[in-house]
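Enquirer: Those protein sequence lines, which keep their order, are chains A and B.
Numbering-wise (the numbering used here), the first sequence opens with residue 573 and increments by one.
Numbering-wise (the numbering used here), the second sequence opens with residue 573 and increments by one.
All C-beta atoms in this analysis are idealised placements derived from N, C-alpha and C, irrespective of residue type, glycine included.
If you're wondering where the values come from, they're calculated on a predicted model, not measured in any experiment.
Number of protein chains: 2
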Amino acid sequence: MKLHLDRSIKTPLYLQIRSQIRQLILDNDLSPGFRLPPERKLATSLGVNRTTVVNAYHELVADGLIQPHVGKGTIVRPPRPTEHSFDRFANANAIQPISWQNFYTRQSERMHNPVLASILDEIGEEDQISFALGSPAGEYYPLKEFSEISKEVMRPGNWQVFEYGPTIGHYPLRQYLANWLGQRSIHTQAQSILMTSGSQQGLDLLTKVFLEPGDYIVMEEPSFLGAIGVFKAAGAHILTVPLDQEGMKTDVLEQILSRHRPKFIYTLPTFQNPSGTTMSFARRHKLLKLAYQYHVPIVEDDPYSELYYENQPFPSLKSLDEHEHVIYLGTFSKILFPGLRLGWCVAPFPVLEQLSLAKQHVDLHTSTTVQWVMTEFCNQGLLDEHLPIVRKQYMRQRDAMVTALTEFAPQGLSWTVPEGGYYLWCELPPGMKAAALLTKAAEKKVTFVPGNAFYVSSGGKDRIRLCFSRHSETTIREGIYRLCKTISEILNQPHPSGTTNRPRYSEPLV
Amino acid sequence: MKLHLDRSIKTPLYLQIRSQIRQLILDNDLSPGFRLPPERKLATSLGVNRTTVVNAYHELVADGLIQPHVGKGTIVRPPRPTEHSFDRFANANAIQPISWQNFYTRQSERMHNPVLASILDEIGEEDQISFALGSPAGEYYPLKEFSEISKEVMRPGNWQVFEYGPTIGHYPLRQYLANWLGQRSIHTQAQSILMTSGSQQGLDLLTKVFLEPGDYIVMEEPSFLGAIGVFKAAGAHILTVPLDQEGMKTDVLEQILSRHRPKFIYTLPTFQNPSGTTMSFARRHKLLKLAYQYHVPIVEDDPYSELYYENQPFPSLKSLDEHEHVIYLGTFSKILFPGLRLGWCVAPFPVLEQLSLAKQHVDLHTSTTVQWVMTEFCNQGLLDEHLPIVRKQYMRQRDAMVTALTEFAPQGLSWTVPEGGYYLWCELPPGMKAAALLTKAAEKKVTFVPGNAFYVSSGGKDRIRLCFSRHSETTIREGIYRLCKTISEILNQPHPSGTTNRPRYSEPLV
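1. For A:H641, which residues does DSSP report across the bridge?
2. Could you check if A:F853 is buried or exposed, using at least 16 other CB atoms within 10 Å of its CB as the buried criterion?
3. Chain A partners of B:T903, CB-CB under 7 angstroms?
4. On the criterion of 16 or more Cβ atoms from any shown chain inside 10 Å, does A:H576 qualify as buried, or is it exposed?
5. Specify the secondary structure class of B:P653 as computed by DSSP and reduced to three states.
6. For B:H759, which three-state DSSP category applies?
7. Measuring straight from C-alpha to C-alpha, what distance separates A:T940 and A:Q732?
8. Whose C-beta lies closer than 7 angstroms to the C-beta of A:G636 among residues of the same chain, with five residues either side of it excluded?
9. Given a cut-off of 8 angstroms on the beta-carbon distance, is the pair A:V802 and A:L927 in contact?
10. If you reduce the DSSP assignment to three classes, tell me which class B:Y1077 lands in.
11. Measuring alpha carbon to alpha carbon, tell me which of B:G992, B:C998 and B:L959 ends up nearest B:T553.
12. Am I right that B:G706 and B:Y881 are in contact with their C-beta atoms under 8 angstroms? What's the rounded C-beta distance?
13. Using the beta-carbon count (16 or more within 10 Å), is A:N845 buried or exposed?
14. Can you tell me whether B:K964 is buried or exposed? The criterion is at least 16 other CB atoms within 10 Å of its CB, across all chains shown.
15. Hey, quick one: how far does the alpha helix (DSSP H) through A:P920 stretch, first residue to last?
16. Could you give the residue range of the alpha helix (DSSP H) that holds A:W752?
17. Just list the alpha helix (DSSP H) runs in the region 847-893 of chain B, keeping only unbroken ones of 4 residues or longer that don't cross its boundaries, in chain order.
18. Any contact of the region 774-791 of chain B with the region 974-989 of chain B, i.e. 3+ C-beta pairs under 8 angstroms?
19. Under 8 angstroms by Cβ, that's how I've got A:I789 and A:Y838 pegged, so tell me the actual separation to the nearest angstrom.
20. Does the distance from the C-beta atom of A:L795 to that of A:F1026 stay below 8 angstroms?
21. What do you reckon, are the CB atoms on A:L783 and A:A799 nearer than 8 angstroms?
22. For a contact defined as C-beta to C-beta under 8 angstroms, what are the partners of B:S722 on chain A?
23. B:L996 by DSSP, collapsed to three states: which one?
24. Report the option in A:R1054, A:A1014 and A:L1010 whose CA atom is closest to the CA atom of A:D1034.
25. Counting only the same chain and skipping the five closest in sequence on each side, list residues whose C-beta sits under 7 angstroms from that of A:F734.
26. Determine the DSSP secondary structure at B:Y788, reduced to helix, strand or coil.
27. Return the CA-CA distance between B:H832 and B:G819, expressed in angstroms with no decimal places.
28. Per DSSP, what kind of secondary structure is A:D956 in: helix, strand or coil?
29. Quick check on A:E735: does DSSP put it in helix, strand or coil?
30. Check whether the Cβ of B:H832 lies closer than 7 angstroms to any heavy atom of the ligand ADP, and answer yes or no.
31. Write down the C-beta distance between A:L1132 and B:M726 rounded to the nearest angstrom, noting that I regard them as a contact closer than 8 angstroms.
32. Please determine if the region 757-767 of chain B and the region 905-925 of chain A are in contact, where contact requires at least 3 C-beta pairs separated by less than 8 angstroms.
33. Which residues in chain B have a C-beta closer than 9 angstroms to the C-beta of A:F675? List them in chain order.
34. Assign A:R855 to one of two classes, buried (16 or more other C-beta atoms within 10 Å of its C-beta) or exposed (fewer than that).
35. Since B:T822 is in the alpha helix (DSSP H), which residue starts that stretch and which ends it?
36. Measure the alpha-carbon distance for B:D971 versus B:P604 and round it to whole angstroms.
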């Protein structure tokens, strides 16, 4: 596909791209089913911003000439069907295709999360050093143990492993978790634990049970993008509280609570995603006190607290809560395997019952097979054996990333050093935008998540999140080197591309 | 726990039960944590209807004295905390527990499905002959093959099996399914298939994408209770079309479509649940024609069509659809293993994209591990080897059930003989109620689902659904013998319990 852009004329570049591709399609030089180059690739080859290509493709989709396919790129559409294919039914000559978008709900229209989708799509692109995906390192997975246990659990005669099971989850696994959480001062019982298909499902169920469109909720900013996505789709008004090095600023929270009655406060107090921050002990108490005072439930999302690299973190809000105001979400995704999709929710009894009822409508129950195998894995003490191993490895990787940054970082780049979890949260040199940096960095085969993905508002454009969990120390060093080199090059350009974006395309699309 | 009922006084039995249990709790004869007997058991031991005990327990819950625990029965509550435990925070002496029900959504309040819950809870009660649960027979599961493949797929080095994956699903599995569906004249591509956590999740995603509260949808009556539950919870107005032996009555459908604009028509055209009916070829065409004419999408739920015991069933609506009006749901739950929670949805591209976006918010993706193992199982040809085995077995079981009914059925009991699937749909002798029969039958250790569970309206009280998939021919014969004996006994009672229920409790709770 040959395109020729003319920068001397006034026609915007995206319209030039659009009209040239349109002509190629109408002339049948690009036939139906032809896969257009990925936006990033075409942008690179034409020497334009990715957003320019994104906008051109957007116009061509509106023209009905091309069609994006989830995860599979963009293809040329077949021509509209002609009338003679419609002769099967009497009076059916005028059968119209359904205009599906007219059938969708308002909730459906609020669903957008290109960042998360592109992070998930990125899996498997092997030449990239990706600091984007927040996932454990595959090389530490205890595969031998897990596969042996799987085979044993699925042994002939043990057909219960493949049966329908209770919506609330497999009892022995909930019993194990109750005991395991007890060792972390969360005193609960199997009866108060609901197994979920990852903690993302916990968020979705909470949304179903608690959030009407227009309801207020409170969350930290920045925060977990999957939570922002599901709360936004539910039509919630999201009130945000900024973070400092002690976590959520409870004085700001107090102001909010004195004016609004949110359905809940969502917080990720330990090794927060993306900022790495841990809420101080005093703030934890203050937060609980405010929750009690204003009768607001707290949703505590706690995927990372077992991944501590210095001291054990402060007790969870759930363990400090004496008045059943905290709903707690946990998951195996960050400490063991994300692909199993297995998490849990600890909640006061009436809430747990309501969440179970919702889950029954959603998927009946989480995979019996996965739960039984995990139960055996845990009961053999293998989870407890696994945690010290990954703590040690991730600590080294964190240190490798910090060391490399200290060595290679150009002036103006700063970063946090988290005491646990997966993420370094960086502030770019003044004037530099994360989206522009990502385009350049991807050319050098290193990626990350631009900070604005973690903001409800338009903030975070000068921040990036770097995940250190997935690569060896050597690879991390190489990736940070590439990244810092990219930043330096942008800083040294006469017109840094980060500041020459035309304003109308300033909203990054990745 | 000793209770003494006095039938000579006017106080209703449920109030007698309630006040005696209350006294036992207040006297601390039943201490906190004590598990009350299951409703059915207590009912049997007291010689009362189960609904009587249900109502007594309901009052005790309202009194704050007992608490139902999902799947675990009913326990005595601890006493309310006293004030001195509240002294941790200044000004917190008056900390109130949260009144959770004030926080719930309207959708949440619409969630009720005790029938489905009790069917799932029933799993594991070994002494019962249950014709209730619509699930494959564990004894035919190909466990040896599946466990070997699991171990092989999870082998050391193959860590991708445990990673995050694309929301739309594992590509090789979708490719297998596209080809497999192609052999059933559904011509589709991997790109048009979304993997779901069982087809129940397909229904939930469709609800999220299509149904606003107050929207109309159309479905057969009777129909799958899991679909009724999720559509009701979404606040849909459900318009129902009766069935005859040719399936959904399209003349009634036409009347409905001429007056309403439903978001979709939900249908289970082949070996319908619960009626066993298969929609005729002419009706399939008529249904599609009406869908085209009125621009209404069709949701075709097709879990059973591979389980045919005579001829191959008529082509699916999806395979007959030439204008992309049909969204198709499939699942491994009925043909292989229900506990894996693995199904799929085939939909026109824009719908599939919207469903994927919804799924990303719901649980990111379905278990990678489960998908990879299933892919290998299917690619080794083991699904295609498995199907003829279960077809043969289930056919025998169906025949055993029909034979036993023919032999033992009292006058007035009638049933359908389905050409595939799992279910016989029975009409009880005149005047007999399914709920009353269930209470008596459970005492004789045989259970089923009362017909009203499958009705949107108040219909179906004189019907029962019998599932023949889970038991051997001998056990089926014994179960049908017990059931028919129960029916005969009720018929021969001077005052059949089915007709002496007080009207206010006539709505069955199971």
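Expert: On the basis of the data shown:
1. A:G645
2. exposed
3. Neighbours of B:T903 on chain A: none; closest Cβ ~11 angstroms, over 7 angstroms.
4. exposed
5. Per-residue confidence for B:P653 stands at a pLDDT of 46, beneath the threshold of 50, marking its modelled position as unreliable; the derived number appears in the next sentence. Note: B:P653 maps to coil in three-state DSSP.
6. coil
7. 8 angstroms
8. R649
9. no
10. Bear in mind that a pLDDT of 31 at B:Y1077, under 50, signals an unreliable position, so the number given afterwards is only what the model happens to contain. If DSSP states are grouped into helix, strand and coil, B:Y1077 belongs with the helices.
11. No answer is possible for residue 553 of chain B: it lies beyond the span of chain B, which begins at 573 and ends at 1082.
12. Contact flag wrong, Cβ pair sits at about 16 angstroms.
13. buried
14. exposed
15. Taken as a continuous stretch (DSSP letters only), A:P920 belongs to no alpha helix (DSSP H), as it is neither H nor E.
16. Y743 to G754
17. 853-866 and 889-892
18. no
19. 6 angstroms
20. In the sequence as displayed, the identity of residue 795 of chain A is Ser instead of Leu. Yes.
21. no
22. S719, S722, K723 and M726
23. strand
24. A:L1010
25. T940 and T941
26. strand
27. 21 angstroms
28. helix
29. coil
30. Summarising the ligand content, the structure contains no ligands, and the ligand ADP is consequently not present.
31. Since the first and last residues shown for chain A are 573 and 1082, residue 1132 of chain A lies out of range.
32. no
33. V781, F782, K835, F836, P869 and V923
34. buried
35. T822 to R831
36. 50 angstroms
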